[in-house]
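Residue numbers (the UniProt record's numbering): 1 to 275.
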C-alpha cells in the first residue's frame, strides 16, 4: 500500500492498494451519496460517470501502518459493500474505487470544480458569504467551472507540467479556455483525438444530468484523464461531500449544466481550430 502518484486535487491522500484499486478518504455524507446512487435503480444512467464503488472500510493511522499486503487483501474481501455503518471518531473512512489511470504509461489528469455555486445550503451564514465571494472572484461564476489542478506530460521536455488551485483561482473569464488548452497540448501538438473523446463524454453527461432535476452537485468536480502515449482516456464525476439527492423545495440550481455547456463550447472550438 502506498500513496497514489497521480493526484491533482482533494485534501486527503489517496492510497494505492495492492489490488490495483484506490482508497480515498471520504466523509459520511459523500459515502452516503455514493451508496444512494449505487442502490437506487433510477440513477442507473448516472453510474457510468462515477468511479466504480467497491465498498468502504474504516481505519486509523496506526491500523494502516500495521496492515500488511496479505492482511489488506482480507480487509478488501470483507468490505461492507455499499453499507455505511456508524463511524468511529478515531477512524478515517475510506472509499475503495477503481484506479482510472491503470494501464496508462504517463497519465495526465485535470480536476475541474463544476458549477456557479460554491456553497451548500447547509452552510452557515458566514461560511456561505465567504464562498460566494470566492466563487464570484473566479471563473466559477461567469463560466460554471474552475480549475483545481492539472498534471500533463510534455513530450518536448520529457517531464510533467502542473497547475495548482491558486493558478486556477487567478484566471479571468477571458482566460477560462487556458486549462483545457494547456491540458490537451502535449508540447508537440494538441491532442484533438482526446478532445473529441471528452466532447462526446460531456454531451452524454449533459443528457443524463437533464434527467435529474432534483440532484445538486455543490463543489463537486469533473476528473479528466488521458494517457500521453496512447488514446486511453476517462472522464468521471468526483468529490460529493456537498452533493444531494434530496433537496429542500425551491433550492436554487448549482450551475453544473451551465459549466458543462461551456466546457463543450471550448472543446468544440479547440477541435475546429485544428480542422
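Where is the CB? At the ideal position from N, CA and C, for every residue including glycine.
With distance defined between alpha-carbon atoms, name the residue in the options nearest to residue i.
i: residue 214; options: 140, 255, 105 and 21; result: 255
i: residue 172; options: 50, 54 and 146; result: 146
i: residue 188; options: 228, 217 and 54; result: 228
i: residue 260; options: 168, 198, 272 and 230; result: 198
i: residue 19; options: 33, 35, 270 and 54; result: 54
i: residue 246; options: 59, 108, 36 and 126; result: 36
i: residue 216; options: 101, 95, 116 and 59; result: 116
i: residue 101; options: 273, 93 and 51; result: 51
If you follow the beta strand (DSSP E) that residue i is part of, which residue opens it and which one closes it?
i: residue 149; result: 145 to 154
i: residue 183; result: Per DSSP, residue 183 belongs to no beta strand (DSSP E); it is in the alpha helix (DSSP H), 178 to 184.
i: residue 280; result: Residue 280 falls outside the range modelled here, since the chain spans only 1 to 275, and no answer is possible.
i: residue 116; result: Careful: residue 116 lies outside any beta strand (DSSP E) and carries neither H nor E.
i: residue 238; result: 233 to 238
i: residue 137; result: It is not in any beta strand (DSSP E) - residue 137 carries neither H nor E in the DSSP assignment.
Put residue i into one of helix, strand or coil per three-state DSSP.
i: residue 301; result: The requested residue 301 is not part of the displayed model; the chain covers only 1 to 275.
i: residue 88; result: Legend: pLDDT at residue 88 = 48, less than 50; position of this residue unreliable, no value from coordinates given.
i: residue 273; result: helix
i: residue 32; result: helix
i: residue 55; result: strand
i: residue 106; result: coil
i: residue 94; result: strand
i: residue 215; result: coil
i: residue 188; result: coil
Which residues share a DSSP beta bridge with residue i?
i: residue 161; result: 152
i: residue 127; result: None, per the DSSP bridge assignment.
i: residue 24; result: 95
Grab the span of the alpha helix (DSSP H) containing residue i for me, first residue to last.
i: residue 225; result: Run containing residue 225: none in the alpha helix (DSSP H); it sits in the beta strand (DSSP E), 221 to 227.
i: residue 195; result: 192 to 209
Between the segment 31 to 48 and the segment 101 to 121, do at least 3 Cβ pairs fall closer than 8 Å? no
Does the segment 253 to 270 touch the segment 164 to 180, meaning 3 or more C-beta pairs lie closer than 8 Å? yes
Hey, is the segment 233 to 244 in contact with the segment 27 to 37, meaning 3+ C-beta pairs nearer than 8 Å? yes
Below 8 Å, can you find three or more Cβ-Cβ pairs linking the segment 128 to 145 to the segment 158 to 176? yes
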